[in-house]
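Participant: Numbered according to mature numbering (1 follows the signal peptide of the UniProt record, and there is no 0), the sequence shown spans residues -26 to -1, 1 to 504. Note that CB positions come from ideal geometry on N, CA and C, so glycine has one too. It should be emphasised that the depicted structure is a prediction, and the values quoted were computed from it without experimental measurement. Here it is, the structure, as structure tokens.
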Amino acid sequence: MEPFCKHILTIRVMSMLLQLFQVTGGFSAGSDGKVILYKMSHGTPLSGKEELPSENINKWVYVDSRNAHTHDVRALAVTMPICEEDPLPDDKVPMFRRRKKPIAFTYHKWAHLGVPMLISAGDDTKLFAYSARDFTQFSPHDICPAPQRASLQLVPSTSEFGASIILTQYSGWIDVMLVKLGHHKAQNSPLGKTATTQLLARIKSKESRKIISSTVSSSSLLFAYSDHLKPCLFELRRHKGGKSAWSVNKLQLPSGLQYAHCMIFSVDSSCLMLAGHDRKIYVVDVKRSELVHTFVPQRKEGNTSNHPSEPPITKMFTSSDGQWLSAVNCFGDIYFFNLETYRQHWFISRLNGASVTAAGFPPKNSNVFVTITSSNQVYVFDVEAKQLGEWSRRHSLHLPKTFQEFPGEVIGLSFPPSINSTSVVVYSASAMCLIDFGMPVGQDDVLPNGHDISVGKHDSPKNATAKRKRMNVDHECKPHKKKNFDFCSFKSPVLFVGYVSEKSLLVIEKRWTEVLQNFDAPVHKHMYGT
């Protein structure tokens, strides 16, 4: 047990690494915040005739340590990552040939199916992942680098309010707020200005039920939410008298509706689409409070079965002309429905096994559907023709290296409200990127701040990772000549990015220090020296 003296404080947890049902390594962690790797060293006797005790042959040897946590490490677990769901027997996954990534700075390089992974958790509310096999070659991966994101939906400026409306979903209530753009410069952004919000309405769930989905109409006057029992529909009306200028009225929905994993209004706000937990999509006429149609997502074209057999729907999008409804399930399969004929139009199996992290219809062309996957790939589909769009056929296999190594996982996208725009903003909690489908893609090996992302011949993987981190921190949003795949990094974790007008972008951030201030004091003492 001599190697365990590498800890300077109490050891609280250990975990073993098994290979072919034999212990080949181990990990320990404790109050000093260190995670240490040990290997089993198998010694050999001096001669074939001598027999030494087993404890003299097998010995634990210290290898390396990582200092990712700032407080006591309370849990360690060695597990196998699941990269994708097993395909169904009739599932033919389309394969797209692409150029190999030259450099991978993310955990995707070592997080593979069948390769053991170490997870650590500490009193600092952090979860870190490590490569159990190549512990010394890769830095720890912060599983949750940003605060938990609240569900946010933005409606650009409407004639009714003269400003943008934002709907915020919490566990027990939803807020409808008016967003007003200020004239004072923001402290953390050289280009941005401050924005203020005014609470118009707060609707609490009945009996403190947990809200699982919500949506707001394009007119900003209708909004809905669903708890784990049933969906509810509300209308915001202007109040002539009283203290408040607005009042909230509850509207009736057809009886028997299932609670919804996600929901969305049609473009003209006349219909509400709900993806029920029974894996069906319900179309409800808001004015008449009638169930107009029920979609049953199908994998095969022409299948008229009413028995749902597909995974649950978690995302839905509508086109600007109101013709198309796109639904994405939890594994990344995409279904397209025609809202004029009430028929399923097309099915797209998950793209290279990746899930869909962001998608949407641009306002200019209702037949175009843009999708971003968890593998940082951009796909543009021609919905009417049921095929990849021209832009994807030309450029999807040759995206810039800077976008392939997008800082953090993409969590959303936003289109400018102008019908003449050809661009989209894609964002993660760490950065955002402007993609213009009307401009040449271009190929570069240089980050927007002028740093080369290619690793030199004499740089070790550890030094390369450290350089990459410094480059991401140094790069800020600065005015410069417009170019395609233009990046801007954030100083604080970002929860939401969306256009409020043609030239104004709303960015909602949450500093991690503000989150930590709301936590109770740690149960155990802080790490020594902090």
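1) Which residue's Cα is closest to the Cα of residue 463: 486, 145 and 400?
2) Who are residue 36's beta bridge partners in DSSP?
3) By Cβ distance below 7 Å, which residues in the same chain neighbour residue 145 in space, the five residues on each side in sequence not counted?
4) How big is the Cα-Cα spacing for residue 98 and residue 295?
5) Per DSSP, what are the beta-bridge partners of residue -11 in this structure?
6) So what does DSSP say about residue 302, is it helix, strand or coil?
7) Does DSSP put residue 53 in a helix, in a strand, or in coil?
8) For residue 505, write down the residues that DSSP places opposite it in a beta bridge.
9) Check whether the stretch 374 to 391 and the stretch 471 to 482 touch, using three or more Cβ-Cβ pairs below 8 Å as the test.
10) Provide the residue span of the alpha helix (DSSP H) that contains residue 365, from first to last.
11) Just curious, the beta strand (DSSP E) that residue 196 is in, first and last residue?
12) For residue 405 versus residue 377, is the C-beta spacing smaller than 8 Å?
13) Report the partner residues of residue 239 according to the DSSP bridge assignment.
14) Taking the alpha carbon of residue 246 as the point to measure from, which residue in 236, 253 and 153 has its own alpha carbon closest?
15) Residue 340 and residue 297 look like a contact to me (Cβ under 8 Å); what is the Cβ gap, rounded to whole Å?
16) How do the stretch 250 to 259 and the stretch 270 to 287 stand: do at least 3 beta-carbon pairs fall below 8 Å, yes or no?
17) Decide if residue 23 is buried, meaning its Cβ has at least 16 other Cβ atoms within 10 Å, or exposed.
18) Mind checking if residue 156 is an interface residue toward chain D, Cβ cutoff 8 Å exclusive?
19) Could you tell me whether the Cβ atoms of residue 153 and residue 171 are closer together than 8 Å?
20) Sort 232, 113, 85 and 38 by Cα distance to residue 53 and report the nearest one.
21) Quick check on residue 316: buried or exposed, where buried means 16 or more other Cβ atoms within 10 Å of its Cβ?
22) For residue -16, which residues in the same chain have their Cβ closer than 6 Å to its Cβ, ignoring the five residues on either side in sequence?
23) Can you round the beta-carbon distance between residue 96 and residue 40 to whole angstroms, since I take them to be within the 8 Å contact cut?
24) Tell me, which residues are paired with residue 458 by DSSP?
25) I need the straight-line Cα distance from residue 443 to residue 15, nearest angstrom please.
26) What are the boundary residues of the alpha helix (DSSP H) that residue 491 is part of?
27) In this structure, does DSSP put residue 429 in helix, strand or coil?
28) Within a Cβ cutoff of 7 Å, which residues of the same chain sit near residue 201, ignoring the five residues on either side of it in sequence?
29) When you compare only the Cα positions, how much space is there between residue 488 and residue 471?
30) Nearest to residue 266 by CA position, among 287, 279, 244 and 283, is which residue?
31) Residue 486: which of 34, 108, 92 and 118 sits nearest, CA to CA?
32) Nearest by alpha-carbon distance to residue 190: which of 12, 203 and 291 is it?
33) Could you give the DSSP three-state label for residue 182: helix, strand or coil?
34) Considering residue 289, what are the terminal residues of the beta strand (DSSP E) in which it resides?
35) What residue range is occupied by the uninterrupted beta strand (DSSP E) comprising residue 318?
Facilitator: With the given structure in hand:
1) Distances from the alpha-carbon of residue 463 to those of 486, 145 and 400 put 400 closest.
2) DSSP output for residue 36 lists 12 as bridge partner(s).
3) Here the set comprises 184 and 185.
4) Cα to Cα, residue 98 sits roughly 48 Å from residue 295.
5) DSSP lists -1 as partners of residue -11.
6) Residue state, collapsed to three classes: strand.
7) Here residue 53 sits in strand by DSSP.
8) Here the chain comprises residues numbered -26 to 504, so residue 505 is not present and cannot be evaluated.
9) With the cut-off at 8 Å, the stretch 374 to 391 and the stretch 471 to 482 touch.
10) Per DSSP, residue 365 is one residue of the alpha helix (DSSP H) stretching across 364 to 369.
11) Residue 196: member of the beta strand (DSSP E) spanning 196 to 201, first to last residue.
12) Against a cut-off of 8 Å, the Cβ pair of residue 377 and residue 405 comes out as no contact.
13) Paired residue(s): 246.
14) Comparing Cα positions, the closest option is 236.
15) A Cβ-Cβ separation of about 6 Å places residue 340 in contact with residue 297 under the 8 Å criterion.
16) Taking a cut-off of 8 Å for Cβ pairs, the stretch 250 to 259 and the stretch 270 to 287 touch, as three or more such pairs fall below it.
17) Reliability of the predicted coordinates at residue 23 is poor, the pLDDT of 46 falling under 50, and the value obtained from them is presented with this limitation in mind. Counting every other CB atom within 10 Å of its CB across the protein chains shown gives residue 23 a total below 16, marking it as exposed.
18) No chain D is present in this structure, which holds just one protein chain.
19) Yes, Cβ-Cβ distance for residue 153 and residue 171 is below 8 Å.
20) Among 232, 113, 85 and 38, the Cα nearest to that of residue 53 belongs to 85.
21) Exposed, because fewer than 16 other Cβ atoms sit within 10 Å of the Cβ of residue 316.
22) Hits under 6 Å: 2 and 4.
23) Between residue 40 and residue 96 the Cβ distance is about 12 Å, and since that is not below 8 Å, they are no contact.
24) Under DSSP, residue 458 forms no beta bridge with any residue.
25) Low local confidence applies: a pLDDT of 41 at residue 443 is under 50, so the model's placement there is unreliable, with the coordinate-based value given in what follows. Approximately 35 Å between the Cα atoms of the pair.
26) Counted as a single uninterrupted DSSP element, the alpha helix (DSSP H) harbouring residue 491 occupies residues 486 to 491.
27) Note on residue 429: pLDDT 31, under 50, position unreliable in the model; the coordinate value appears next. Looking at residue 429 - three-state DSSP - the assignment turns out to be coil, as it is neither helix nor strand.
28) So the qualifying residues of the chain are 179, 183, 184, 185, 186 and 233.
29) Inter-residue distance for residue 488 and residue 471 is about 20 Å (C-alpha atoms, whole angstroms).
30) Among 287, 279, 244 and 283, the Cα nearest to that of residue 266 belongs to 244.
31) Distance check between residue 486 and each of 34, 108, 92 and 118 places 118 closest, using alpha-carbon atoms only.
32) When only C-alpha atoms are compared, the closest one is 291.
33) Residue state for residue 182 is assigned as helix, using DSSP reduced to three classes.
34) For residue 289, the uninterrupted beta strand (DSSP E) run begins and ends at 287 to 292, by DSSP.
35) Residue 318 -> beta strand (DSSP E) spans 317 to 322.
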